[in-house]
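Enquirer: Would you mind keeping the following structure in view while I ask a few things?
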Amino acid sequence: MNLTVGFDLDMTLIDSRPGIRAAYRALSAETGTYIDADAAVTRLGPPLEEELARWFPEAEIPAMADRYRAIYPDHAIEPTAAMPGAREAVAAVQALGGRAIVVTAKHEPNARLHLAHLGIEPDAVIGWLWAEAKAGALREHGAQVYVGDHVGDVRGARTAGALSVAVPTGPCPEPELREAGADVVLPDLTALPEWLARYVAAQPGSAQPVAAQPVAAEA
69 MNLTVGFDLD MTLIDSRPGI RAAYRALSAE TGTYIDADAA VTRLGPPLEE ELARWFPEAE
129 IPAMADRYRA IYPDHAIEPT AAMPGAREAV AAVQALGGRA IVVTAKHEPN ARLHLAHLGI
189 EPDAVIGWLW AEAKAGALRE HGAQVYVGDH VGDVRGARTA GALSVAVPTG PCPEPELREA
249 GADVVLPDLT ALPEWLARYV AAQPGSAQPV AAQPVAAEA
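Residue 287, in the numbering used here, is where the sequence shown stops; the numbers in between run on with no holes.
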């Protein structure tokens with residue numbers, strides 16, 4: 069099969085909470101507007117503008133979003149870490165001869181900065197897409213599977229006709245992900261390589277037995 073697996077970014081591949089917290093605090097200090105950065109990072113997933121609407125008048129949101137994205141690289145890239153198993157999950161797709169793509173609501177240039185900084189090397193990065201809007205990119209790239217941490221990611225996968233694989237490593241607990249329609253819920257990305265090997269082996273026409281599939285161990 070021509071395997072393509074999509075991944076969400078924030079709280080799926082990367083723990084961006086420390087960096088985003090720092091960026092919100094910098095925006096707050098610059099504008100003099102109070103932003104509860106600790107609360108904001110518990111709601112990661114939806115577009116930036118939804119969070120900014122909690123703190124700024126509607127007319128100011130476009131300018132504040134532009135400013136946040138401009139200061140983001142100086143504050144958010146360095147503190148952000150890879151989620152456990154993230155590199156191994158992307159590498160597992162590629163080791164099976166597949167393509168790993170990132171489809172995220174994040175500003176695409178900043179998404180690319182995160183991935184380059186952390187040494188995560190997908191085959192494509194598509195930004196500025198949230199929930200059902202992710203389906204267009206997933207279809208365009210022929211993704212059979214989409215991996216994410218948010219119910220919005222589940223909706224995006226289902227809209228695209230892709231298998232929804234969810235990890236409860238972000239704001240949405242397992243019951244919420246299952247209720248939203250996730251086909252598979254894994255504890256985190258460290259479980260993805262083994263699951264993926266079994267998924268590929270079960271596809272019609274697969275000649276590769278499960279035992280022959282590489283299973284990455286968490287370092």
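Glycine included, C-beta positions come from ideal geometry on N, C-alpha and C.
Just so you know, these numbers come straight off a predicted model, no measurement behind them.
#1: With a threshold of 6 Å on Cβ separation, who are the neighbours of Asp251 within its own chain once the five nearest residues in sequence on each side are excluded?
#2: Around the C-beta of Tyr102, are 16 or more other C-beta atoms found within 10 angstroms, so that it is buried, or is it exposed?
#3: Kindly indicate which three-state DSSP category Gly74 falls into: helix, strand or coil?
#4: What's the gap between the Cα of Ala157 and the Cα of Lys202?
#5: Let me check one thing: in DSSP terms, what residues is Leu183 bridge-paired to?
#6: Taking the straight line between their C-alpha atoms, what separation do you get for Gly40 and Pro152?
#7: Going by alpha carbons, who is nearest to Asn178 out of Ile82, Glu242, Val215, Arg226?
#8: Is it the case that the Cβ atoms of Val222 and Gly249 are separated by a distance below 8 Å?
#9: Ignoring anything shorter than 4 residues, give me the alpha helix (DSSP H) runs that lie fully in the region 179–238, in order along the chain.
#10: Just the C-alpha distance for Glu98 and Leu181, rounded to the nearest angstrom, thanks.
#11: I think Leu260 touches Leu254, with their Cβ atoms under 8 Å apart; what is that distance to the nearest whole Å?
#12: If Ile169 and Thr72 are in contact, beta carbons under 8 Å, what's the gap, nearest whole angstrom?
#13: Hey, how far is the Cα of Val278 from the Cα of Glu189?
#14: Going by DSSP, what residues sit across from Val161 in a beta bridge?
#15: Given a cut-off of 8 Å, decide if Gly87 and Pro125 are closer than it, judged by their beta-carbon atoms.
#16: How big is the Cα-Cα spacing for Pro236 and Ile129?
#17: At the level of alpha carbons, what is the spacing between Gln212 and Gly238?
Expert: This is what the structure holds:
#1: Residues Leu231, Ser232 of the same chain have their beta carbon placed closer than 6 Å to that of Asp251, with the five preceding and five following residues left out of the count.
#2: exposed
#3: Assigned with DSSP and collapsed to three states, Gly74 falls in strand.
#4: Computed Cα separation, rounded: 20 Å.
#5: Answer by DSSP bridge pairing: none, since Leu183 is not bridged.
#6: In the structure displayed, the chain extends from 69 to 287; residue 40 sits before or after that span and is not available.
#7: Distances from the CA of Asn178 to each of Ile82, Glu242, Val215, Arg226 were compared; the closest alpha carbon is that of Ile82.
#8: yes
#9: 202–208, 219–228
#10: Using only the alpha carbons, I get a separation of about 23 Å.
#11: 6 Å
#12: 6 Å
#13: Note that Val278 scores 35 on pLDDT, short of 50, meaning its location in the model is unreliable and no value can be drawn from it.
#14: Looking at the DSSP output, Val161 bridges to nothing.
#15: no
#16: 30 Å
#17: Distance between Gln212 and Gly238, taken at the CA atoms: about 22 Å.
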